[in-house]
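For reference, the structure discussed in these notes is given below.
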Amino acid sequence: MDTLYELIQNRDAGEDNMTALVIAGTAQGEKVFLSGREVIWKSGDCPFLTGHLAELTEVQGNGVIELDGQRVFCEYTGCRKELVVCGGGHVSVPIIQIGKMTGFYVTVLEDRPRFADCARKAGADQVICEPFADGMDKIEGSTDTYFVIVTRGHRYDSTCLREAVKKPHAYVGMMGSRKRVGIVRQQLKDEGTPGTLLESVHAPIGLDIGAETPEEIAVSVMAQIIQVKNSRRRNEAYVPEIRKYLTETPRQGLRSVLTVIVSRKGSAPRETGTKMLVREDGQTFGTIGGGCAESEVIKRALLMMREGKAAELCTVDMTGQEAEDAGMVCGGIIEVWMESVPIDKA
């Protein structure tokens, strides 16, 4: 039988996938994994959570909710965030670079070999050097796919936009003047593309910051994408190094603790759902923000393993004088759930 981590990794990206965990109350430790509103894994009988499935399926986004006096952390497990850049021109290069810096898997479609090479040099994870229509056929899309259309002409814009709006996506944006955007939209409407799909397109693309240079335009585009991404409160559940450790790497007889930020107040360094894995030899995978706060969580995780605890909820306060003296500059409070990971993979 697959472990929870394998089920999460192999989930259907088209479904709403969520874990619910009781972090405080008499049912502390109960955990279920819901996919498409159905329970496909649970930590045991889980009478409390299975008795409140109706409420859980109504939860929107990540965070802690109260159910009959119990505190429950709900987390939608999104997929890898993919940035699909249609076009490999001068504006695309800084978009690729910022996309990689901000954690996206970047795919570039470009039909000109010379510009495709520039996209590779800029750090794109995948470059498809084919006609745009053929390239778009190879993109499946998902609810975590962000399309950026920055081609060199109307007909290429139309080809990419026509296909992008039909695919599952989190965002579609197209660069161009209002006149150019209007021409493309009207052309697709005349072809029969539903107006509701076209109305959701961010065009002209990017936040209005008066951008002029390719680098400034890239900043405005990626700022808008990050704004959309963060408003959805749907994170990639496990960064690749943690996912690989939990599903593929032999434990080598070493205990480990998986930590996750379940709530935050103030200017905490990382968002709810951010994870870090701590192994008993001191090696860590992922980060929950670094600095003294992370150091404190690592220390508590190591102590937890020495004491043989299965799970624990801890609070790290970065607002007091002691925290200020220790260099915790963020000034927030985070709650971190820590749970032991089985030594064996299965």
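With UniProt numbering, letter number 163 in the sequence shown gets 163, and the count goes up by one each step, no holes. We treat Cβ as the ideally placed atom computed from N, Cα and C, and that holds for glycine. Keep in mind that this is a model prediction, so the values were computed, not measured.
query	result
Could you pull out every unbroken alpha helix (DSSP H) segment of at least 4 residues lying fully inside the segment 203-258, listed in chain order?	214-232 and 240-247
Flag this pair as yes or no: are the beta carbons of Gly173 and Ile149 separated by less than 8 Å?	yes
According to DSSP, simplified to helix, strand and coil, what is Glu11?	Position check: residue 11 holds Arg in this sequence, whereas Glu was assumed. Of the three classes helix, strand and coil, the one that applies to Arg11 here is coil, per DSSP.
Where are the alpha helix (DSSP H) runs, 4 residues long or more, that stay fully inside the segment 41-78, in chain order?	47-50 and 53-56
Does DSSP classify Asp16 as helix, strand or coil?	coil
Could you check whether the segment 49-63 touches the segment 112-132, counting it as contact only if at least three pairs of C-beta atoms, one from each stretch, sit closer than 8 Å?	no
Using DSSP with H/G/I as helix, E/B as strand and the rest coil, what is Phe33?	strand
Under three-state DSSP, which class holds Ile261?	strand
Around the Cβ of Met304, are there at least 16 other Cβ atoms within 10 angstroms (buried) or fewer (exposed)?	buried
Distance, Cα to Cα, Asp68 vs Asp281?	39 Å
So Pro204 and Met175 are in contact, right, with Cβ under 8 Å, and what is the actual spacing, rounded?	7 Å
Does the separation of the CB atoms of Tyr171 and Val91 fall below 8 Å?	no
Using C-beta distances below 6 Å, list every residue in its chain close to Glu294, excluding the 5 sequence neighbours before and after it, in chain order.	Ile288
Compute the beta-carbon to beta-carbon distance between Met18 and Leu4, rounded to the nearest angstrom, for a pair I have assumed lies under 8 Å.	Not quite, the Cβ-Cβ distance comes to about 12 Å (not below 8 Å), so this is no contact.
Measuring alpha carbon to alpha carbon, tell me which of Met338, Val297, Leu302 and Ile298 ends up nearest Glu312.	Met338
Determine the DSSP secondary structure at Lys138, reduced to helix, strand or coil.	coil
Identify whether Arg279 lies in helix, strand or coil by the three-state DSSP scheme.	strand
Can you check which of these residues, Arg279, Tyr156 and Thr272, is closest to Ser231 by C-alpha distance?	Thr272
Report the residue from Val84, Leu277 and Glu248 whose alpha carbon sits nearest the alpha carbon of Ala164.	Val84
Assign Leu198 to one of two classes, buried (16 or more other C-beta atoms within 10 Å of its C-beta) or exposed (fewer than that).	buried
At a cut of 8 Å, does the segment 249-265 reach the segment 39-56 through at least three beta carbon pairs?	no
Tell me which residues share the same chain as Thr284 and place their Cβ nearer than 8 Å to its Cβ, disregarding the 5 neighbours each side in the sequence.	Met276, Leu277, Val278 and Ile298
Give the range of the beta strand (DSSP E) segment to which Ser340 is assigned.	Ile333 to Val341
Tell me the rounded alpha-carbon separation between Val316 and Leu207.	35 Å
Considering Cα atoms alone, identify which of Gly87, Glu82 and Pro113 is closest to Thr102.	Glu82
Looking at Arg162 and Thr193, is the spacing between their C-beta atoms short of 8 Å?	yes
Near Leu7, which residues of its chain fall below 7 Å by C-beta distance, leaving aside the five closest residues on each side in sequence?	Phe33, Ile40 and Trp41
Near Gly332, what residues of its chain come up, given a Cβ to Cβ distance below 8 Å and the 5 sequence neighbours on each side ignored?	Arg264, Lys265, Gly266, Ser267, Ala268, Pro269, Met318 and Thr319
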